[in-house]
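A.B. asks: Let me begin by handing over the structure; questions about it come next.
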Amino acid sequence: MIPRVQLLIGFLCLALLFYFAMLARTAFALIATGDPPAVGLGAGVLILPIVGAWAVIATLRAGLGYQRLARLAAEEGADLDVTTLPRMPSGRLQREAADALFESVRAELEADPDNWRRWYRLARAYDHAGDRRRARDAMRTAVSLQAAEGR
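Put into structure tokens, the structure is as follows:
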């Protein structure tokens, strides 16, 4: 059975594909008029599906890469265990606990900087500390290191 999330992703991709096709059809209709302003507008509208398709593909590739690393880390027991750390009423880790977790994971990374597992753990620690931008950067590094290791 296909999980609901995968069905939702598939549906959204099909809906975007339909939307991009309609945009492209409109763009070609504008370009076909031959009127200079309409041709310019049509060219601009034609760029939108191209940029949109690139964004969808890049996001899906990144998400699938992150998901693959999460599965591999869980299988190897390399994921962070945060079950015993204190939490705020919202469910997020308390700032001090997240910072301490981050420092310990960063020390692991400094000892073994070419290991994708360490970068994955650093990305998760950044995420728990609330630094999403650095978490994404560290996760991208982990994905590229794991891909290089798999070759």
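The numbering used here numbers the first residue of the sequence shown as 625 and each following residue consecutively.
Cβ atoms here follow ideal geometry from the backbone N, Cα and C, with glycine treated the same way.
Just so you know, these numbers come straight off a predicted model, no measurement behind them.
1) To the nearest angstrom, how far is the alpha carbon of residue 755 from that of residue 749?
2) Leaving out five residues before and five after residue 758 in sequence, what residues of the same chain have Cβ atoms less than 7 Å from its Cβ?
3) Beta carbon of residue 693, beta carbon of residue 706: below 8 Å?
4) Per DSSP, which one or two residues make a beta bridge with residue 711?
5) Within a Cβ cutoff of 7 Å, which residues of the same chain sit near residue 625, ignoring the five residues on either side of it in sequence?
6) In terms of alpha-carbon separation, which member of 773, 768, 772 and 774 lies closest to residue 686?
7) Express the C-alpha separation of residue 678 and residue 733 in angstroms, rounding to a whole number.
8) Between residue 772 and residue 745, is the Cβ-Cβ spacing less than 8 Å?
9) Select from 632, 671 and 634 the residue whose C-alpha is nearest the C-alpha of residue 650.
10) Tell me which residue opens and which closes the alpha helix (DSSP H) that residue 751 is part of.
11) Do you know whose CA, among 668, 641 and 638, lies nearest residue 652's CA?
C.D. replies: Walking through what the data contain:
1) One-based indexing of the sequence shown puts residue 755 at position 131. One-based indexing of the sequence shown puts residue 749 at position 125. Roughly 9 Å between the two C-alpha positions.
2) Indexing the sequence shown from 1 puts residue 758 at position 134. Short of 7 Å from the beta carbon of residue 758, and not among the five residues preceding or following it, lie these beta carbons of its own chain, in chain order: 750.
3) Taking the sequence shown and counting its residues from 1, one reaches residue 693 at position 69. Taking the sequence shown and counting its residues from 1, one reaches residue 706 at position 82. Here residue 693 is not near residue 706, since their CB atoms are 8 Å or more apart.
4) Numbered from its first residue, the sequence shown carries residue 711 at position 87. Answer by DSSP bridge pairing, in chain order: 717.
5) As a position in the sequence shown, residue 625 is number 1, starting the count at 1. Caution applies to residue 625, whose pLDDT of 47 falls short of 50 and renders its modelled position unreliable; the value that the coordinates give is listed next. For residue 625, there are no CB contacts under 7 Å within the same chain when 5 residues up- and downstream are skipped.
6) Translated into positions along the sequence shown, residue 686 becomes position 62. Ranked by Cα distance from residue 686, the options 773, 768, 772 and 774 are led by 768.
7) One-based indexing of the sequence shown puts residue 733 at position 109. One-based indexing of the sequence shown puts residue 678 at position 54. For residue 733 and residue 678, the distance between alpha carbons rounds to 32 Å.
8) Taking the first residue of the sequence shown as position 1, residue 772 is located at position 148. Taking the first residue of the sequence shown as position 1, residue 745 is located at position 121. Between residue 772 and residue 745, the C-beta gap is not smaller than 8 Å, which leaves the two residues out of contact.
9) The sequence position of residue 650 within the sequence shown is 26, counting from 1. Checked all of 632, 671 and 634; the closest Cα to residue 650 is 671.
10) In the sequence shown, residue 751 corresponds to position 127, counting from 1. For residue 751, the enclosing alpha helix (DSSP H) covers residues 740–753.
11) Here residue 652 is taken as the residue at index 28 of the sequence shown, counted from 1. Distance check between residue 652 and each of 668, 641 and 638 places 668 closest, using alpha-carbon atoms only.
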